[in-house]
Amino acid sequence: MSRLHLRHRRPLLATFAAFAVLAGTAATAPAATARTAPAAAPLQTLDDTYYQDAMGKSGTALRNALHTIISKQTKISYSQVWDALKNTDQDPANSSNVVLVYSGRSISKNSSGGSVGQWNREHVWAKSHGDFGTATGPGTDIHHLRPEDVQVNSIRGNKDFDNGGSPVSGAPGSSTDSDSFEPRDAVKGDVARMILYMAVRYEGGDGFADLEPNERVSNGSAPYIGRLSVLKAWSQEDPPDAFEKRRNDVIFDQYQHNRNPFIDHPEWVGSIW
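Listed below in C-alpha cells is the structure:
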C-alpha cells in the first residue's frame, strides 16, 4: 500500500473511531472478510483526505488531479477477480448470491464459470477496446468488472453503449442492435460511471492504451467507447444508489484501495466532459 494511501486512511480511521465513541460503542475495526461490509466514509471526510488535491478544480485540472489520485491502487490478478466480485456484487437480500449487472438476476456465488446458466466476468469497458485483454491493470480493474450471465455477456460482446435495439433474452430491460448495447435502466448510471472511471484512470502513461469515450459506436479495437453524450445522460438519469456506493467502498477498503470518483461526486462528470 502506498504512503499516500496510508496517509489518507489514517484520518479516515481516526474519524470512524471518534464516531464510535460518540455513539457509545467500541471503536474496533471489523475483520476484513469477504462478507464484512466496510463502514462508509462520510463524503466530507473523503473530500478532506482522499480527494483533497482535486477539490475546487474543474475541467482538465480536475481530470488530471483525479487521475493522480486513483492511479495509486493495489492491483489484483484475473483469477482473484472471481472472489472479489462475490463480495463487491453480493446480493443485499441473499449473501450467498451475486446480482448480475445487465440481467438484474440474483444467482449463487458458486455458479461461476463459462457454461450456460453460469455467471462470468464482464468487462464493462470491453477489453478489446484498447486491446488490454485480461492483463493485470485495466483487464483486472474491478471498478469495471461485474458478474453477468454467460449468454448475456456474449450478446453484449464488445459493443459500444447507446440507446435502442431489440430486447435482450435473459436481461429484461436491456436492448441491443448490431453495434451497440443498452443496459436496463437501474444500471445505466453505473455503466456510465464505470466507463468514465476507466477513461480517467488509464491515460496511456502506464504501458496501456489511453482510454477515451467518444461519440461513435463500432469502435472495434481502438481504445474508445461511445457514445459519450448517451453515457452522460445515463449518469444523470440514474444517480448512484446504495448498491453502487457499497461496491465503491468495498473496492476501496478491501481490494484496490482506490475509488471511482464519479460515484462519490457524480457532478464531476459534467465538469470534465
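Counting in the numbering used here, the sequence shown runs from 1 upward without gaps. Note that CB positions come from ideal geometry on N, CA and C, so glycine has one too.
DSSP has residue i in a bridge; who is on the other side?
| i | result |
| --- | --- |
| N120 | E148 |
| D179 | In DSSP, D179 forms no bridge with anything. |
| P167 | S175 |
| F161 | F181 |
| E212 | Y224 |
I think residue i touches residue j, with their Cβ atoms under 8 Å apart; what is that distance to the nearest whole Å?
| i | j | result |
| --- | --- | --- |
| L231 | A192 | 4 Å |
| I76 | R259 | Their Cβ separation, rounded to whole angstroms, is 16 Å, which puts I76 and R259 out of contact at 8 Å. |
| E244 | I263 | 6 Å |
| S174 | D162 | Going by Cβ atoms, the distance from S174 to D162 rounds to 12 Å, so no, they are not a contact pair. |
| W317 | L62 | With the chain covering 1 to 273 only, the question about residue 317 has no answer from this structure. |
| K109 | S96 | 6 Å |
| W274 | S112 | Any answer about residue 274 is impossible in this case: the structure gives the chain only from 1 up to 273. |
| Q73 | H265 | 18 Å between Cβ atoms; not a contact. |
| G285 | L211 | Past the boundaries of the shown model lies residue 285; the chain is included only from 1 to 273, so the question cannot be answered. |
| D185 | D238 | 7 Å |
| A126 | N158 | 4 Å |
| Q195 | T176 | Per the sequence shown, the amino acid found at residue 195 is Ile instead of Gln. Rounded, the Cβ-Cβ distance is 17 Å, inconsistent with contact. |
| A209 | P223 | 4 Å |
Within 10 Å of its beta-carbon, does residue i have 16 or more other beta-carbons around it, so buried, or fewer, so exposed?
| i | result |
| --- | --- |
| V21 | Low local confidence applies: a pLDDT of 33 at V21 is under 50, so the model's placement there is unreliable, with the coordinate-based value given in what follows. With fewer than 16 other Cβ atoms within 10 Å, it is exposed. |
| S235 | buried |
| G226 | buried |
| L43 | exposed |
| A84 | buried |
| V116 | exposed |
| N153 | buried |
| P183 | buried |
| N94 | exposed |
| A14 | Reliability of the predicted coordinates at A14 is poor, the pLDDT of 39 falling under 50, and the value obtained from them is presented with this limitation in mind. Exposed. |
| S229 | exposed |
| N219 | buried |
| P172 | exposed |
| G133 | exposed |
| A242 | exposed |
| D206 | exposed |
| P261 | buried |
| A31 | Confidence at A31 is low in this model, with a pLDDT of 34, below 50, so its placement is unreliable and the value that follows should be read with caution. Classification of A31: exposed, given that the 10 Å Cβ count is below 16. |
| T25 | Summary for T25: the model assigns pLDDT 34, below 50, so the residue's position carries little reliability, and this model does not support an answer. |
| D53 | exposed |
| P240 | buried |
| P92 | exposed |
Hey, does residue i have any beta-carbon neighbour from chain B nearer than 8 Å?
| i | result |
| --- | --- |
| P183 | This model lacks chain B altogether; it includes just one protein chain. |
Any heavy atom of the ligand PLP closer than 7 Å to the CB of residue i?
| i | result |
| --- | --- |
| D48 | This structure lacks the ligand PLP; in fact it carries no ligand of any kind. |
Checklist entry - Taking only runs of the beta strand (DSSP E) that begin and end inside the stretch 223 to 268, which ones reach a length of at least 3 residues, in chain order? => result 224 to 226
Checklist entry - Pairing CB atoms from the stretch 177 to 191 with CB atoms from the stretch 202 to 215, are three or more of them under 8 Å? => result no
Checklist entry - What are the uninterrupted segments assigned as beta strand (DSSP E) that are 3 or more residues long and contained completely in the stretch 81 to 135, given in chain order? => result 94 to 99, 106 to 108 and 119 to 123
Checklist entry - Are three or more beta carbon pairs between the stretch 86 to 100 and the stretch 158 to 166 nearer than 8 Å? => result no
Checklist entry - With contact counted as at least three CB pairs below 8 Å, one residue from each stretch, are the stretch 246 to 257 and the stretch 86 to 97 in contact? => result yes
Item to check | At least 3 beta-carbon pairs within less than 8 Å: the stretch 109 to 125 vs the stretch 138 to 152 | outcome: yes
Checklist entry - Are three or more beta carbon pairs between the stretch 192 to 206 and the stretch 62 to 69 nearer than 8 Å? => result yes
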